[in-house]
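Just so you know, the working numbering puts the end of the sequence shown at 510, numbered straight through with nothing missing. A short worksheet on the structure shown next.
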Amino acid sequence: MNKTIRRASVFCLLMVLALLVRATWVQGYEAKALADDEHNRRKTIAQYAQPLGDIIVAGSPVTGSKGTTGGDLRYKRTYTQGELYAAVTGYSSQAYGATQLEGVYGDVLDGTDDRLKNPKDLLTGEQATPGNVLTTIDPGVQKAAYEALGDDKGAAVAMDPKTGRTLGMVSTPSYDPSKISGTADGDAWKALLDDEDKPLVNRALRQPLAPGSTFKLVVAAAALENGLYGSVDERTDSPDPYTLPNTSTVLRNENASAPCANATLRTALQYSCNNVFAKAAVDLGQDKVKKMADAFGFDTEKLDVPVRAAPSVYPTGMDEAQTALSGIGQFEVTATPLQMAMVTSALANGGELAAPHMVSRVTDGDGTTLEESGDDDRERVVEESTAKQLRSAMVTVVEEGTGANARIPGAEVGGKTGTAQNGVDNSNTPYAWFTSYAKDRESGEEVAVAVIVEDSGSARSEVSGNGLAAPIAQKMMKAALER
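This is how it looks when you write it as structure tokens:
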């Protein structure tokens, strides 16, 4: 063999070896990444090759599947009462992907999760029978929240304080996921994207806004935990009117005739006295307020329920005037309804915060449990004595103060209203908040709730937590206690 042929042969051999190495690398190391790539059509075909597993509420599926005609996607997702449960299920779309529980548990619901496969399936790569997702949602609470919110733009969350189970989660305006589950739903999809009210956004989890006076519960807890005041009935050092530190800006109270000068924390919560909580935040300092807020769940980057919630924020680097405004839930403080429900839930549960979750079990197609959410995951946020005192003050808010619309016969109800400024110089319609808990005096059933009404179409002068949000919370709590 001459030299030229020998060199060409070696070169060809090296090329073959390189191809073999590359093929082995792709098949062995990159196979899963390629299979999972969102642009891989085979993944979508496999996902919709058989009826999907279901998302279950109180033993009944709120999802389904139906066969398609034409194309290579054999089935598509359907929804029962889609608008009612959209904030829980999210959507599973052949064209636009999946969100919420549909997205989190996509591999279980389409049968591609390895936990669903027997040894033969693992060897052959065959798709297994899909599994199901069992939620903690109570249909009565969910319906009460959805109907009470009605045409309002807002959101509501209800939790069981003892277990952290999410009993209801609603975001309005809602949408019907069935209308975007196929491949020919472009007009419906565009309409949702163009809607200025953003129905695809889950306001309960993903849209933190200024919590207004509901945040005063956090400041009150910090004041008691840090010994600023010995009890909710001790007189505070709170001048009225109160001038923001190092400014000439006077912070006024909504009710000019309310007895807010040096008011106790109980009276300050009852009348929602801005001067008391602004001054308390300054006296405590932003670090202590932040520590308390973070204990309740603020500034948590990975709050998964199991859908990830946007972080609620207590800011840092403030001057004293900004710290004062943060004490009344303004400046750059933001919170989701889930977060404010967590605050009230911890107080209702003796100071312990049970981890919020809306899935109880994930099963295979035969009902065998693949994973289970524990109801015993909790952390102490405040001392039991602090929680007891704040519950007592919250009851005063409902029985004698600004939360009268939350009363339920036969139940202990405590709450806190909030009206949060919106826009530069409060130029937009304020947000109406209400967060509360209720306990049935006979059965012992408990529930914690948070509601925000971003816009109800009401005149600005008619916007209040008690007027707009408390009636919604009352209906949700009543439904929960009647479970």
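Ideal Cβ positions, reconstructed from N, Cα and C, are used throughout, including at glycine.
Quiz item: Do Glu328 and Pro342 come within 7 Å of each other at the CB atom, strictly closer than that value?
Solution: Not in contact: Pro342 and Glu328 (Cβ atoms no closer than 7 Å).
Quiz item: Contact check, Gly109 vs Pro204 under 8 Å by CB: the rounded distance?
Solution: Their Cβ separation, rounded to whole angstroms, is 5 Å, which keeps Gly109 and Pro204 in contact under 8 Å.
Self-check item: Extent of the continuous alpha helix (DSSP H) to which Phe304 belongs
Solution: Start and end: 301–311.
Quiz item: Given a threshold of 16 other Cβ atoms within 10 Å of its Cβ, counted over all protein chains shown, does Cys39 qualify as buried or as exposed?
Solution: Cys39 should be labelled exposed.
Quiz item: Is Leu143 buried or exposed, if buried means 16 or more other CB atoms sit within 10 Å of its CB?
Solution: With a 10 Å radius around the Cβ and a threshold of 16 neighbouring Cβ atoms, Leu143 comes out buried.
Self-check item: 6 Å CB neighbourhood of Ala382 in its chain, flanking five on each side removed
Solution: The residues are Gly191, Asp404.
Quiz prompt | Exposed unless 16 or more other CB atoms sit within 10 angstroms - verdict on Ile499 | solution = With a threshold of 16 other beta carbon atoms within 10 Å, Ile499 meets it and is buried.
Self-check item: Pro166, DSSP secondary structure in three states
Solution: If DSSP states are grouped into helix, strand and coil, Pro166 belongs with the helices.
Self-check item: Cβ neighbours of Asp321 in the same chain (closer than 6 Å, five flanking residues each side left out)
Solution: Apart from sequence neighbours up to five positions away, no residue of its chain approaches Asp321 with a beta-carbon distance below 6 Å.
Self-check item: Which listed residue (Pro268, Gln77, Ser119) has its alpha carbon closest to that of Ile207
Solution: Relative to the Cα of Ile207, the nearest Cα in the group Pro268, Gln77, Ser119 belongs to Ser119.
Exercise. List in chain order: all unbroken alpha helix (DSSP H) runs of 4+ residues lying wholly within the stretch 302–369.
Key: Correct list: 313–323, 347–353.
Quiz item: What does Tyr269 pair with, by DSSP beta-bridge criteria?
Solution: Per DSSP, Leu278.
Quiz item: Nearest CA to the CA of Leu278: which residue from Glu261, Gln297, Thr263, Lys306?
Solution: For Leu278, the closest C-alpha among the options Glu261, Gln297, Thr263, Lys306 is that of Lys306.
Quiz item: Looking at the structure shown, is Glu509 part of a helix, part of a strand, or coil, going by DSSP?
Solution: If DSSP states are grouped into helix, strand and coil, Glu509 belongs with coil.
Quiz prompt | Sequence-distant residues of the same chain with beta carbon closer than 6 Å to Gly430, five excluded per side | solution = Within the same chain, Gly430 has close Cβ partners Val424, Gly442, Thr444, Asn493, Ala497.
Practice problem: Note down the Cα distance separating Lys243 from Asn280, rounded to an integer number of angstroms. | Solution: Their Cα atoms are separated by approximately 14 Å.
Quiz item: Thinking C-beta only, is Met367 closer than 7 Å to Thr462?
Solution: Taking 7 Å as the cut-off, the Cβ atoms of Thr462 and Met367 count as close.
Exercise. Establish whether the CB of Gln366 and some CB of chain D are separated by less than 7 Å.
Key: Of the chains in the structure shown, none is chain D; there is only one protein chain.
Quiz item: From which residue to which residue does the beta strand (DSSP E) around Lys180 run?
Solution: Taken as a continuous stretch (DSSP letters only), the beta strand (DSSP E) holding Lys180 covers 180–186.
Practice problem: Could you pull the start and end residues of the beta strand (DSSP E) that Ala7 belongs to? | Solution: Residue 7 is absent from the model: the chain starts at 28 and stops at 510.
Exercise. Below 8 Å CB to CB, which residues in the same chain sit around Arg233 once its five sequence neighbours on both sides are set aside?
Key: Cβ within range, chain order: Ala336, Ala337, Thr363.
Practice problem: Following the continuous beta strand (DSSP E) through Glu439, name the residue where it begins and the one where it ends. | Solution: First-last of the beta strand (DSSP E) with Glu439: 438–447.
Quiz item: Asn376 to Pro78, Cα distance in whole Å?
Solution: One C-alpha to the other measures close to 41 Å.
Quiz item: Which of helix, strand or coil does DSSP assign to Ile7?
Solution: Because the chain here runs from 28 to 510, residue 7 falls outside it and cannot be looked at.
Quiz item: The beta strand (DSSP E) spanning Asp467 covers which residue range?
Solution: 458–467 is the span of the beta strand (DSSP E), which, as asked, contains Asp467.
Self-check item: Straight-line Cα distance separating Thr90 from Tyr106
Solution: Distance between the alpha carbons of Tyr106 and Thr90 is about 4 Å.
Quiz prompt | Helix, strand or coil at Ala125 [DSSP, three-state] | solution = Reduced to three states, the DSSP call for Ala125 is strand.
Quiz prompt | Among Arg101, Asn273, Ala295, the one whose alpha carbon lies nearest that of Asp264 | solution = Asp264 has its Cα closest to that of Ala295, out of Arg101, Asn273, Ala295.
Quiz item: Helix, strand or coil: which one does DSSP assign to Met503?
Solution: Three-state result, Met503: helix.
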